[in-house]
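A.B. asks: For the sequence shown, the working numbering assigns the number 2 to the initial residue and increments by one for each residue that follows.
Glycine residues also receive a C-beta, built at the ideal position from the N, C-alpha and C atoms.
Fair warning: this is a prediction, and the values are worked out from it, not measured in the lab.
Okay, here's the structure, questions in a sec.
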Amino acid sequence: MIQENRLLIITLILLNFMIISLTALFSLGKFDLFFKQVFFWLIGFFFFFSFKFIDYKIIFDRFYFYLLTALSFFLLVLVLFTSRAIKSWFTLGPFYFQPSEFAKISFFLFLSYYLSYYLSKLKNLLYLFLSFSLLLPYLFLIYLQPDVGMAFLYFLVWFFSVLFFLPRKTLIIILVSFFICFLLLYFFVLKEYQKERILSFIFSGKNLLNTEYNLRQIRIILGATNFFGLGIGNSEIGKYGYLPSASTDFILTFIIEERGYFGFLIYFFLMFLLIREIYKTYFFSKDINIKNFTYLVIIYFLVKFILTTLINFGMFPIIGLPLPFLSYGGSHLIFDLWLLGILNSFEEKRK
């Protein structure tokens, strides 16, 4: 039984670790957030198990694919007409819904379709550009929200999905082109606070009262933490509120302070097991659509885990991404579990 449902078992262990870790929210006095996250956990697992009873071929059926893609773009456009300055989510009573998290599923399907047909032709710059053109509508709409962190994550999933299939000359051209694009974005597109985050990371010690404050607090906290941490309820962040967004962007820093690097190693090991199990689905699958979709999900979880970990260790600019299965928030947890439910249905049908 366990041998046949490893992905389910690992996901359950990871989610239970999340629930245990989120008891750290009690240190912040955020009891309501803890119970909301348990509620999101239950919704996410409903989606996970629902795919057990759905024929996996429906996922790649063109009608459902077009329906999902149309709904994704409709929501990405609709959210721009909300009244808030940051238009990344809908307010649904006491809850929030983030369309960019939902849209990633249609993006993965879109890109996996393309790779299934044109993977061998990516050496041709025209086909490479066409693959990038699939990404552009998502990037544009997500950036308008603005949600630079999520847009950057989408971009990295695309980039690493094509990276290993490119000849060296093409890769050099792409890297130079993206460097030029980055300079253009920095000087003509990025807002002032976004520039500050980049500069404060590169030139540590500058702008202490704004963005650099968070980086400085992270380094102080991690430097003062021992292997087993200060203990549950003893967080300086919790008592004095030294670090904003402690339950979301910096939840790992918070957990390391209370549970030490031992707690981080447990999380790291569980994420390793999860990605390894997803890789097995990729490796043993004979269906090219399943193989490419699974490949994209591996890249997604790997990139997201590495980026958010680096941010929590003060080694990457703060871009507002949630840690997989750890940060507070419903949309990312529910739709990450949705992705795993799809993969679990692939694996069950294969066996």
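1. Are there three or more Cβ pairs, one per stretch, closer than 8 Å when the stretch 94 to 113 is compared with the stretch 141 to 152?
2. What is the DSSP secondary structure of Leu93, counted as helix, strand or coil?
3. Taking only three categories from DSSP, how would you classify Phe228?
4. Beta carbon of Phe314, beta carbon of Tyr262: below 8 Å?
5. Using 8 Å as the threshold, is the stretch 158 to 172 in touch with the stretch 185 to 192, meaning 3 or more CB pairs across them?
6. Which class does Phe98 belong to by DSSP, given the choice of helix, strand or coil?
7. Can you give the Cα-Cα distance for Ser132 and Val158, rounded to whole angstroms?
8. From Tyr187, Ala71, Gln146 and Ser178, pick the residue whose C-alpha is nearest to that of Phe82; which is it?
9. What is the DSSP secondary structure of Tyr329, counted as helix, strand or coil?
10. Can you check whether the CB of Thr282 is closer than 8 Å to the CB of Thr344?
11. If I measure Cβ to Cβ from Thr70 and keep anything under 6 Å in the same chain, skipping five residues before and after, which residues do I get?
12. In terms of residues, what are the limits of the alpha helix (DSSP H) holding Asp33?
13. Quick one: any contact between the stretch 36 to 50 and the stretch 7 to 26, if contact means 3 or more CB pairs under 8 Å?
14. Does the Cβ of Met316 have 16 or more other Cβ atoms within 10 Å, making it buried, or fewer, making it exposed?
15. For Phe269, which of Pro325, Leu216 and Val39 has the nearest alpha-carbon?
C.D. replies: To lay it out plainly:
1. By the Cβ test, the stretch 94 to 113 is in contact with the stretch 141 to 152, since at least three Cβ pairs between them sit closer than 8 Å.
2. Residue state, collapsed to three classes: strand.
3. Assigned with DSSP and collapsed to three states, Phe228 falls in coil, not helix or strand.
4. No, the Cβ-Cβ distance between Phe314 and Tyr262 is not below 8 Å.
5. Too few Cβ pairs lie closer than 8 Å, so no.
6. Three-state DSSP puts Phe98 in a strand.
7. Cα-Cα distance, rounded: 12 Å.
8. Comparing Cα-Cα distances from Phe82 to each of Tyr187, Ala71, Gln146 and Ser178, the minimum goes to Gln146.
9. Assigned with DSSP and collapsed to three states, Tyr329 falls in coil, not helix or strand.
10. Sequence check: residue 344 is Leu here, not Thr. For the pair Leu344 and Thr282, the CB atoms are nearer than the 8 Å cut-off.
11. Excluding residues within five positions, the ones whose Cβ falls inside 6 Å are Ser107.
12. Under the DSSP assignment, Asp33 falls in the alpha helix (DSSP H) whose first and last residues are Phe32 to Ser51.
13. As far as the Cβ criterion goes, the stretch 36 to 50 touches the stretch 7 to 26, which means the pair count is three or higher.
14. Exposure of Met316 is indicated by the presence of fewer than 16 other C-beta atoms within 10 angstroms of its C-beta.
15. Distances from the alpha-carbon of Phe269 to those of Pro325, Leu216 and Val39 put Pro325 closest.
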